[in-house]
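**Q** 5 is the number of the first residue of the sequence shown in the working numbering; add one for each residue after it. Don't be surprised by glycine CBs; every beta carbon is placed ideally from N, CA and C. Remember, predicted model here, so these are calculated numbers, not experimental data. Provided herewith is a single structure, encoded as structure tokens, for subsequent inquiry.
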Amino acid sequence: MIRPFSLSDLNAILKIERESFPKSPYDRMTFIRLHSLYPEHFLVYTGTTDGREDRIWGYIIFSPEGHIISLAVVPSGRRKGIGRELLRKAMETPHLKRLQAEVRRSNLGAQAFYSRMGFRIVGVVPNYYGNEDALMIQWTPSVRKSH
Ligand SMILES: CC(C)(COP(=O)(O)OP(=O)(O)OC[C@H]1O[C@@H](n2cnc3c(N)ncnc32)[C@H](O)[C@@H]1OP(=O)(O)O)[C@@H](O)C(=O)NCCC(=O)NCCS
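Below is the structure:
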């Protein structure tokens, strides 16, 4: 199930964040600030463990303009379609003109994921991560023409 983030999810999110972005994890205050800025665009994927719908498997945060601020899935839960479901939810946002993100040049897994989801590389920001370039990637909804 995908639902909005609540503050009681914070510790689980911080753990996933540290495991997923060990070089530059967001801290507790950053998540609290992002939640207050974008309460409707901070979503968590929950699933069942021991019959209880409680475990958080991943999350996505994006701005109303379509900038993906963070997307991560628990390492043991990857390649099961969770990232795809979270991203699809963002793609279904009404009136969205595009989704954009930055990905480390070395992050080949995320590049393959975004490419599979229809994103294209639209630019490079040298040394965006200090000593590593960012690839700027973008997805635009396909326009459906009515006759
Ligand atoms: C990127 C990430 C969110 C993908 O989440 P996920 O739940 O594992 O992705 P999915 O299972 O939905 O993958 C959908 C498709 O994307 C592609 N894909 C996903 N991860 C891939 C990888 N590591 N290598 C190659 N292709 C990959 C595959 O085509 C996959 O379909 P398949 O498993 O049927 O072949 C996850 O790997 C992650 O949290 N990475 C660390 C954080 C990160 O890099 N975030 C993105 C930068 S903002």
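In terms of residue numbering, what span does the alpha helix (DSSP H) encompassing glutamate 89 cover?
**A** Counting along the chain, the alpha helix (DSSP H) containing glutamate 89 begins and ends at 86-95.
**Q** Give me the Cα-Cα distance between asparagine 15 and isoleucine 60, rounded to the nearest whole angstrom.
**A** When rounded, the distance between both Cα atoms is 10 Å.
**Q** Could I get the ranges of all uninterrupted alpha helix (DSSP H) runs contained in the region 11-94, with 4 residues as the minimum, in chain order?
**A** Runs found: 14-24, 32-41.
**Q** Going by DSSP in three states, arginine 120 sits in which element: helix, strand or coil?
**A** It is helical.
**Q** For leucine 112, name the three-state secondary structure that DSSP assigns.
**A** The answer is helix: DSSP assigns leucine 112 an H, G or I state.
**Q** Evaluate the contact criterion for the region 43-50 versus the region 20-30: three or more CB pairs, one atom per stretch, below 8 Å.
**A** No, because fewer than three Cβ pairs between the region 43-50 and the region 20-30 fall closer than 8 Å, the two stretches do not touch.
**Q** Quick one: using the 10 Å Cβ neighbour count with 16 as the cut-off for buried, is isoleucine 141 buried or exposed?
**A** Result: buried.
**Q** Return yes when the C-beta of glycine 51 is under 6 Å from any heavy atom of ligand 1, and no when it is not.
**A** No - ligand 1 has no heavy atom lying nearer than 6 Å to the Cβ of glycine 51.
**Q** Is the CB-CB distance between glycine 62 and isoleucine 36 below 7 Å?
**A** No, the pair does not count as a contact, with Cβ atoms beyond the cut-off.
**Q** Cα-Cα, which of Thr50, Ala76, Ser67, Ser10 is closest to proline 29?
**A** For the residues Thr50, Ala76, Ser67, Ser10, the minimum Cα distance to proline 29 belongs to Ala76.
**Q** To the nearest angstrom, report how far apart isoleucine 6 and glutamine 104 are at their CA atoms.
**A** Each residue's alpha carbon lies about 21 Å from the other.
**Q** Just verifying my parser: in three-state terms, what is the DSSP assignment at proline 8?
**A** Reduced to three states, the DSSP call for proline 8 is strand.
**Q** Within the present structure, is the beta-carbon of leucine 103 separated from the nearest heavy atom of ligand 1 by less than 6 Å?
**A** Answer for leucine 103: no, Cβ out of range of ligand 1.
**Q** Does the distance between the C-beta of arginine 22 and the nearest non-hydrogen atom of ligand 1 fall short of 6 Å?
**A** Arginine 22: no, Cβ never under 6 Å from ligand 1.
**Q** On the premise that isoleucine 64 lies in contact with leucine 91, defined as a C-beta separation below 8 Å, what is that separation, rounded to the nearest angstrom?
**A** About 7 Å; that satisfies the 8 Å criterion.
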